[in-house]
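These protein sequence lines map, in sequence, to chains A and B.
With the working numbering, the residue at position 99 of the first sequence is 99, and numbering never jumps.
In the working numbering, each number is its position in the second sequence, counted from 1, plus 218.
Glycine included, each C-beta is placed from N, C-alpha and C at the ideal position.
There are 2 protein chains.
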Amino acid sequence: MEEQISVAIVGGTGNLGTALAQRLAFPGVKVLVGSRDKEKGRAVADSLTRSLGKGTFEGASNRDAARVADLVVIAVPYEGHAPMLTELKAELQDKTIVDAVVPLNKGKPFTPPAGSALLEAQSILGQETRLVGALHNISAVDLQHPGAPLGDVLVCGDHADSKKSVIEFLGKIGAQGLDAGPASNAYVIEGLTGVLIQINRKYKSKHASIKITGIGER
Amino acid sequence: MEEQISVAIVGGTGNLGTALAQRLAFPGVKVLVGSRDKEKGRAVADSLTRSLGKGTFEGASNRDAARVADLVVIAVPYEGHAPMLTELKAELQDKTIVDAVVPLNKGKPFTPPAGSALLEAQSILGQETRLVGALHNISAVDLQHPGAPLGDVLVCGDHADSKKSVIEFLGKIGAQGLDAGPASNAYVIEGLTGVLIQINRKYKSKHASIKITGIGER
Numbered sequence: 001m002e003e004q005i006s007v008a009i010v011g012g013t014g015n016l017g018t019a020l021a022q023r024l025a026f027p028g029v030k031v032l033v034g035s036r037d038k039e040k041g042r043a044v045a046d047s048l049t050r051s052l053g054k055g056t057f058e059g060a061s062n063r064d065a066a067r068v069a070d071l072v073v074i075a076v077p078y079e080g081h082a083p084m085l086t087e088l089k090a091e092l093q094d095k096t097i098v099d100a101v102v103p104l105n106k107g108k109p110f111t112p113p114a115g116s117a118l119l120e121a122q123s124i125l126g127q128e129t130r131l132v133g134a135l136h137n138i139s140a141v142d143l144q145h146p147g148a149p150l151g152d153v154l155v156c157g158d159h160a161d162s163k164k165s166v167i168e169f170l171g172k173i174g175a176q177g178l179d180a181g182p183a184s185n186a187y188v189i190e191g192l193t194g195v196l197i198q199i200n201r202k203y204k205s206k207h208a209s210i211k212i213t214g215i216g217e218r
Numbered sequence: 219m220e221e222q223i224s225v226a227i228v229g230g231t232g233n234l235g236t237a238l239a240q241r242l243a244f245p246g247v248k249v250l251v252g253s254r255d256k257e258k259g260r261a262v263a264d265s266l267t268r269s270l271g272k273g274t275f276e277g278a279s280n281r282d283a284a285r286v287a288d289l290v291v292i293a294v295p296y297e298g299h300a301p302m303l304t305e306l307k308a309e310l311q312d313k314t315i316v317d318a319v320v321p322l323n324k325g326k327p328f329t330p331p332a333g334s335a336l337l338e339a340q341s342i343l344g345q346e347t348r349l350v351g352a353l354h355n356i357s358a359v360d361l362q363h364p365g366a367p368l369g370d371v372l373v374c375g376d377h378a379d380s381k382k383s384v385i386e387f388l389g390k391i392g393a394q395g396l397d398a399g400p401a402s403n404a405y406v407i408e409g410l411t412g413v414l415i416q417i418n419r420k421y422k423s424k425h426a427s428i429k430i431t432g433i434g435e436r
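And the structure:
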């Protein structure tokens, strides 16, 4: 029997977090719905189990979720980004971490003092951490519908092996991950989410995503 | 007879500039190939006329090109961006200007002190100028081949009417322009070019472009 992969979603009761949890309802994936409030994490996990009728969900505190999981996705609002990483620093040392956080101010993208959320995470967790930026630009509405096609996921970071394993993992949820260069590119990929939000407003949609074209058969 | 539109390309002998000139070889479009060196502009214009066998090309100094054209595209390398706009400030006051300049350092994107090339242009030319950021992410290789499908063009700026007229103009060259929000978004769209360059390297292509999906029939 194949071993079960456990994925912790830090901020799993939020918009992106819950949507991502739904996408991960696959045999062989155990989803740890992390929350500041353990009971809230459990309530969301129970509700997902009931409403989807498949998948393995478990609620936990963000700390416990991060500690036991193989892969940790950071999906908190930007305001909670630095405090959360500081709090979970010990738990995150030997994990593959996907930072999906986007610096937004009333829906507008901005670059934080560190240059990007990812560079901020790198400076908090240390340069050697297996940290990758990804999943910023996927529509939460599309994630919630397992059949819906997803946009491409631009994956950046300075840790080549982690990028590779995250791109493999993305394949599991039906998303095409692409190596989009070093961590220094993160400000672009994070900022793109704000641009997509504004395109959604302008064109009255909730699904704006990107596809990279012109790089051959994929 | 429909009036001829004249488009000046400031930096028209460069990579993007020449490629764009080739795309504009349509009846009804007069392309002014601008160059620091008037003779070089003329040589490129003559060469385009000979090799394409269609289109109206004329070489000129950047200043003369900008002065007489209806629409001015800025396509110089980032190093020449601020000096060029300062030099052409008087000529650009009543024009619709497309700034296609991308701040790159050895193929890597960066944000200049003003926040983006577009905000830099805005601060040089004045807030009221009909300035739009566009055409950053289109592959020069694809522009050169009039049949090749082009990626979407993210158009940003604070001047709504100018964005609208640039999106219309883009339709002429077979490109789908999309309103991608205010000038403050330019750092993302400019930076995306650097990310696409790195994706090209990684996936051994010259054509990486973006398409925005999920915003309905277009």
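DSSP-derived helix/strand/coil call for residue i
i: Lys-89 (chain A); result: helix
i: Thr-193 (chain A); result: helix
i: Phe-244 (chain B); result: coil
i: Arg-36 (chain A); result: coil
i: Glu-276 (chain B); result: strand
i: Lys-390 (chain B); result: helix
i: Ser-427 (chain B); result: strand
i: Val-76 (chain A); result: coil
i: Ala-226 (chain B); result: strand
i: Leu-353 (chain B); result: coil
i: Asp-46 (chain A); result: helix
i: Gly-259 (chain B); result: helix
i: Gly-53 (chain A); result: coil
i: Asp-64 (chain A); result: helix
i: Gly-177 (chain A); result: strand
Residue i and residue j closer than 8 Å at C-beta
i: Arg-241 (chain B); j: Leu-361 (chain B); result: yes
i: Thr-347 (chain B); j: Tyr-405 (chain B); result: no
i: Ala-8 (chain A); j: Val-73 (chain A); result: yes
i: Gly-28 (chain A); j: Ala-45 (chain A); result: no
i: Asn-323 (chain B); j: Leu-410 (chain B); result: no
i: Leu-337 (chain B); j: Leu-343 (chain B); result: no
i: Leu-52 (chain A); j: Ile-417 (chain B); result: no
i: Gly-259 (chain B); j: Val-228 (chain B); result: no
i: Ser-6 (chain A); j: Lys-30 (chain A); result: yes
i: Val-195 (chain A); j: Ile-407 (chain B); result: yes
i: Tyr-223 (chain A); j: Pro-103 (chain A); result: One cannot answer for residue 223 (chain A) here, as it falls past the ends of chain A, which runs 1 to 218.
i: Gly-107 (chain A); j: Tyr-421 (chain B); result: no
i: Phe-169 (chain A); j: Leu-71 (chain A); result: yes
i: Lys-272 (chain B); j: Ala-237 (chain B); result: no
i: Thr-96 (chain A); j: Ser-209 (chain A); result: no
Supposed contact pair residue j and residue i - C-beta distance, whole angstroms, cut 8 Å
i: Asp-317 (chain B); j: Gly-369 (chain B); result: That belief does not hold up - the Cβ atoms of Asp-317 (chain B) and Gly-369 (chain B) are roughly 18 Å apart, past 8 Å.
i: Ser-357 (chain B); j: His-425 (chain B); result: 5 Å
i: Cys-156 (chain A); j: Gly-181 (chain A); result: 5 Å
Residue-chain proximity (residue i, chain B), Cβ-Cβ < 8 Å
i: Ala-230 (chain A); result: Since the first residue shown for chain A is 1 and the last is 218, residue 230 (chain A) is missing from the structure and cannot be characterised.
i: Ile-212 (chain A); result: yes
i: Lys-163 (chain A); result: no
i: Ala-180 (chain A); result: yes
i: Val-102 (chain A); result: no
i: Leu-154 (chain A); result: yes
i: Gln-93 (chain A); result: no
i: Lys-199 (chain A); result: This sequence places Ile at residue 199 (chain A); Lys is not what is there. Chain B, which has a Cβ nearer than 8 Å to the Cβ of Ile-199 (chain A), makes this yes.
i: Lys-106 (chain A); result: no
i: Ile-124 (chain A); result: no
i: Val-72 (chain A); result: no
i: Leu-88 (chain A); result: no
i: Lys-38 (chain A); result: no
i: Lys-172 (chain A); result: no
i: Ser-139 (chain A); result: yes
i: Tyr-78 (chain A); result: no
8 Å Cβ cutoff, residue i in contact with chain A
i: Ser-334 (chain B); result: no
i: Pro-327 (chain B); result: yes
i: His-425 (chain B); result: yes
i: Gly-409 (chain B); result: yes
i: Ser-224 (chain B); result: no
i: Ser-402 (chain B); result: yes
i: Gly-230 (chain B); result: no
i: Val-413 (chain B); result: yes
i: Gly-437 (chain B); result: Any property of residue 437 (chain B) remains undetermined from this structure, which presents chain B solely from 219 to 436.
i: Ile-503 (chain B); result: Given a span of 219 to 436 for chain B in the structure shown, any question on residue 503 (chain B) remains unanswerable.
i: Lys-420 (chain B); result: yes
i: Val-406 (chain B); result: yes
i: Met-219 (chain B); result: Annotation note: pLDDT 48 at Met-219 (chain B) (below 50); position unreliable, no value reported.
Within chain C, the residues that residue i reaches when beta carbons sit closer than 9 Å
i: Asp-46 (chain A); result: The displayed structure is made up of protein chains A and B, and chain C is not among them.
(message) Which runs of the beta strand (DSSP E) at least 3 residues long sit entirely within the segment 314 to 344 of chain B? Give them in chain order.
(response) Counting only unbroken stretches of 3 or more residues, the beta strand (DSSP E) elements lying wholly within the segment 314 to 344 of chain B are 314 to 317, in sequence order.
(message) Quick check on the DSSP output: what are the complete alpha helix (DSSP H) runs of length 4 or more inside the segment 357 to 382 of chain B, in order along the chain?
(response) Here the runs fully enclosed are 358 to 361.
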